[in-house]
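Student: Everything in the sequence shown is counted per numbering that gives the first Met the number 0, starting at 0 for the first residue and increasing by one.
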Amino acid sequence: MGLAYTEDAAGTLPKYLDRARPAFPIGTVTPAAAAAFLGAAPGERLIPTLVVVDPRGVVRFQKDALTGHFSDLDQEEARTRAVFDALFSAPPK
0 MGLAYTEDAA GTLPKYLDRA RPAFPIGTVT PAAAAAFLGA APGERLIPTL VVVDPRGVVR
60 FQKDALTGHF SDLDQEEART RAVFDALFSA PPK
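1) Short of 8 Å in beta carbon distance, which residues of its chain neighbour Ala32, apart from the five on each side in sequence? Order them along the chain.
2) Might you give, ordered along the chain, the residues of its own chain that have their beta carbon closer than 6 Å to the beta carbon of Ala9, omitting 5 neighbours on each side?
3) Please classify Asp63 as buried or exposed, where buried requires at least 16 neighbouring CB atoms within 10 angstroms.
4) Would the beta-carbon of Arg59 fall within 7 Å of that of Leu86?
5) Give me, in chain order, the residues of the same chain whose beta-carbon lies closer than 8 Å to that of Thr48; leave out the 5 immediate sequence neighbours on both sides.
6) Could you check whether Met0 and Pro24 sit closer than 7 Å to each other, using their CB atoms as the reference points?
7) Going by DSSP, what residue range makes up the beta strand (DSSP E) through Thr27?
8) With distances taken Cα to Cα, identify the nearest neighbour of Pro41 among Arg80, Glu6, Val57.
9) Hey, how far is the Cα of Val100 from the Cα of Pro21?
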């Protein structure tokens, strides 16, 4: 799932969806709501951000441009894969 959170996202997102045809849903949210959810200050750089939410709605993993986790992609892929493996290998509750 993706979120567009620019001030004009509601107006520009439909054109992007028609052009890019992503294989996942993308919605819109206000910049203030995105910053609040991600624990960022208003105006702070939030792209890229990955948030993993489990089926109960608990944030299990978050990484963003500010943490520097995107600098070593090989290690980052292994860390991210481990989070998904643990989340999806656990029996449903």
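Heads up, the beta-carbon is just placed ideally off N, CA and C, and yes, glycines get one too.
Tutor: To lay it out plainly:
1) Tyr4
2) Thr27
3) buried
4) yes
5) Leu37, Gln61, Lys62, Asp63, Ala64
6) yes
7) 25-27
8) Glu6
9) For residue 100 there is no data in the structure shown, the boundaries of the chain being 0 and 92.
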